[in-house]
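All remarks here apply to the structure that follows.
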Amino acid sequence: MGSSSEDDSEISDSDIDSYKEKTYDELKAGKYKVKISNDIYRCPFCLGKKKQHHDYKGLLQHSSGVGKGSASRRAKQKANHLALAKYMETCLAMETEVSLGKTNEPDPAKAIVALEPDTKPEQEDIFVWPWTGIIVNILTKPRDEDADLIKREFSKFNPVNVQTLWSRTDQKGYAIIDFYRDWAGFKDAIAFEKEFESKRRGKKNWNDWKSDPGSRWYGWVARAEDYHLEGKIGQHLRNNGEVKTIADIVKEAAEKKQKKVADLTSKIDAKNEHLNEMQSKYNTTSMSLDRLMEEKEKLQQNHNEEIKKLQRSARERTHRILYESEQLKRDLDSRRRDIDYWSKELNKREAFNERQRRKLDEDMSKSVMKNNSLDMASMEQKKADENVLRLIEDHKREKEAALNKILLLEKKLDAKQKLELEIEEMKGNLQVMKHMGGDDDQKIQEKMKEIDEELKDKIEEMEGLEALNQTLLVKERKSNDELQEARKELVSGLRDMLGVQTAIIVKGMGELDDKPFQKVCKQRFPTKVAAIKAAELCSMWQEHIRNPEWFPFKVVEEEGKTK
């Protein structure tokens with residue numbers, strides 16, 4: 001948590017106090033992490049700075065200085081640091097006093113459990129280390145199970161191990177009791193000795209009554225005198241222990257503790273430094289990721305706009321084709337109505353002579369042929385319209401399929417990029433977890449194992465997505481090739497269908513205009529037959545023009561030159 005989680009809105013100087021209280025409540029609630037360890041703190045509002053870790057006084061001075069800084073600083077920054085200073089003075093002051101040593105831990109020598117004043121050992125007493133108890137005057141030869149019986153009998157003193165010995169010379173048995181090596185073990189050993197002394201069966205009593213001890217056991221804590229004895233007991237103590245004073249043991253414990261504290265401190269400093277580096281790298285990676293996501297959104301927006309433009313142009317082109325087709329159909333219908341009208345007019349007219357009657361028959365046969373040609377042209381036009389519509393539908397389906405494939409590939413690409421980002425983030429988390437925990441931290445080891453397994457699953461999933469993406473690309477290229485071949489065949493077929501023979505009546509560029517023929521025929525023929533004559537002449541000239549072998553000019557020679 002830190003400044004990256006704040007909103008970008010700014011506050012005025014008059015709102016500093018209210019915003020300070022809000023940030024103070026968030027600090028008390030634990031939203032921001034300030035204390036890293038006992039003597040290391042960080043400012044949660046300056047994570048981007050090079051120096052992030054401070055001691056208590058350094059961070060308090062930093063927060064107070066920024067909170068009361070110059071007018072050039074932002075109001076929100078001042079409020080956050082004022083709240084941090086208040087939080088450290090009110091909530092972290094007591095914890096800091098404890099960590100700085102105002103409530104010192106007891107010295108190892110003072111950790112020894114208090115004994116009775118008259119029985120407390122002197123500092124110069126030399127004990128056998130580790131703490132060892134001795135039991136003598138066991139009259140029967142110990143068996144294997146006797147050690148467990150003795151351990152259970154003295155279980156209230158928490159013995160670690162019991163070993164039984166037998167002296168053939170004295171024909172007596174002995175028991176050696178090992179206690180824990182800490183001060184709790186020393187307490188149990190002294191209590192073990194006091195137990196025998198309270199029953200007048202301690203070492204002093206054994207030395208007094210050694211000649212006639214009876215059948216009772218005697219016990220005490222092993223010291224230097226026992227360590228140097230001849231016999232089974234002394235030999236066992238020399239093989240398994242050494243003699244030390246309380247002062248020596250306390251000194252060694254203090255030295256070990258100081259060494260361990262120094263080692264742990266150096267390890268913590270190294271891990272904190274590495275953690276800071278990882279945090280800096282993480283912040284850099286996060287900012288790079290944000291920039292990449294913004295660029296991706298811009299590219300996606302531009303792509304969507306291009307797709308919309310393509311769809312809009314396709315719709316406009318389709319509407320234009322449909323409009324031209326309807327216009328051609330209307331022209332054909334108009335021509336058919338004109339020819340029907342001429343046919344009816346021809347049927348109404350009567351020929352005055354045989355020649356006119358033959359011409360009339362010829363005109364009627366021509367009209368029938370023209371009607372048939374118009375019907376055929378209409379049928380061909382209808383077929384062409386159907387083919388055009390079918391081609392438009394095919395193009396539409398092909399475009400939709402292509403767009404769907406593009407969208408699918410984009411989704412796969414997004415999934416792959418997201419998966420790669422997750423893998424990189426998990427790798428970073430795994431590295432952080434490796435440097436945060438020790439070898440004996442079982443929970444962190446289990447968490448690292450879970451993250452490692454999840455990372456392997458993500459990598460396998462990314463490899464599957466890459467294989468699927470390659471398969472889709474191969475299929476898309478193959479489908480596109482087949483589509484282009486089919487399109488070429490369809491365009492070639494339409495060109496053959498819409499050749500010269502099928503386009504009979506449809507007016508195109510270069511077609512003759514019948515108005516000049518009508519004007520001349522009205523001057524030369526009666527009004528009733530002028531329209532028919534104009535149509536006949538126009539059709540005849542149209543047929544001549546379509547014939548590539550027709551040449552309406554004569555070639556003559558004049559003075560040896562061809563004209």
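Just so we're aligned: 310 in full-length UniProt numbering is position 310 of the sequence shown, and the numbers increase by one with no gaps anywhere. Glycine residues also receive a C-beta, built at the ideal position from the N, C-alpha and C atoms. Remember, predicted model here, so these are calculated numbers, not experimental data.
- How about His228: is its C-beta nearer than 7 Å to some C-beta of chain B? As a matter of chain content, chain B is missing from the structure shown, which is built from one protein chain.
- [ ] With a threshold of 16 other CB atoms inside 10 Å of the CB of Phe551, please say whether the residue is buried or exposed.
- [x] exposed
Quiz prompt | Residue environment, Asp363, which counts as buried when at least 16 other CB atoms sit within 10 Å | solution = buried
Helix, strand or coil at Arg200 according to DSSP, with G and I counted as helix: coil
*asked:* For Arg42, count the other beta carbons within 10 Å of its own beta carbon; 16 or more makes it buried, fewer makes it exposed. Which is it?
replied: buried
Which residues in the same chain as Asn104 place their Cβ atom closer than 7 Å to its Cβ, once the five residues preceding and following it in sequence are excluded? With a pLDDT of 40 at Asn104, under the threshold of 50, the predicted position of this residue should be treated as unreliable, though the coordinate-derived value follows. Closer than 7 Å at the Cβ level, and outside the excluded window around Asn104, lies no residue.
In chain order, which continuous runs of the alpha helix (DSSP H) of length 4 or greater are located wholly inside the region 26-75? 56-67
State the Cα-Cα distance for the pair Gly30 and Ser37, rounded to the nearest angstrom. 15 Å
Practice prompt. Give the secondary structure of Glu557 by DSSP, where H, G and I count as helix, E and B as strand, and everything else as coil.
Written response: strand
Original post:
So Asn272 packs on His53, CB below 8 Å; how close in whole Å?
Top reply: 7 Å
| query | Which residue from Gln542, Leu149, Tyr174 puts its Cα closest to that of Ile135? | reply | Tyr174
query = With a Cβ-Cβ cutoff of 7 Å, do Val432 and Met278 count as a contact?
reply = yes
Notebook entry, point to check: Which residue's Cα is closest to the Cα of Thr169: Ala535, Gly185, Glu489, Leu139?
Noted result: Leu139
Using a 10 Å radius around the Cβ and a threshold of 16 neighbouring Cβ atoms, would you call Ile545 buried or exposed?
exposed
Practice task
Give me the Cα-Cα distance between Lys519 and Asp338, rounded to the nearest whole angstrom.
Solution key: 18 Å
Let me make sure I understand the geometry here. Which of Gln77, Phe45, Tyr32 has the alpha-carbon closest to that of Asp13? Gln77
Practice problem: Give the C-beta separation of Leu468 and Lys412 to the nearest angstrom, bearing in mind that I take them to be a contact with Cβ-Cβ under 8 Å. | Solution: 7 Å
Do the region 444-458 and the region 419-428 make contact, defined as three or more Cβ pairs closer than 8 Å? yes
* **Straight-line gap, Asn372 to Arg315 (C-alpha atoms, nearest Å)** => 36 Å
*Do you know how far the Cα of Trp131 is from the Cα of Thr245?*
12 Å
Within the chosen definition, does the region 143-151 reach the region 255-270 through at least 3 CB pairs nearer than 8 Å? no
* Considering only the beta carbon of each residue, do Phe192 and Gly133 sit closer than 7 Å? -> yes
Cutoff 8 Å; reference Leu289; Cβ partners in own chain excluding five residues on either side:
Leu421
Are Val160 and Asp178 close, meaning C-beta to C-beta below 7 Å? yes
*Whose C-beta lies closer than 7 Å to the C-beta of residue 564 among residues of the same chain, with five residues either side of it excluded?*
Outside the displayed span of the chain (1 to 563) sits residue 564, for which this structure offers no information.
>> For the structure I just gave you, are there three or more beta carbon pairs, one from the region 197-207 and one from the region 252-261, closer than 8 Å?
In response: no
- Could you check where the beta strand (DSSP E) with Tyr174 kicks off and where it finishes? 172-178
Simplified DSSP state of Lys250, which is helix, strand or coil
For the sequence presented, residue 250 should be read as Val rather than Lys. Of the three classes helix, strand and coil, the one that applies to Val250 here is helix, per DSSP.
List the endpoints of the continuous alpha helix (DSSP H) containing Ser539.
527-546
query = Ordered along the chain, which non-local residues of its own chain (more than five positions away) have a Cβ less than 6 Å from that of Cys521?
reply = Ala530, Lys533, Ala534
query = From which residue to which residue does the alpha helix (DSSP H) around Leu237 run?
reply = 232-240
> By Cβ distance, which residues of its chain are closer than 7 Å to Gly67, with the 5 residues on each side in sequence left out?
Replying inline: Lys78, His81, Leu82, Ala85
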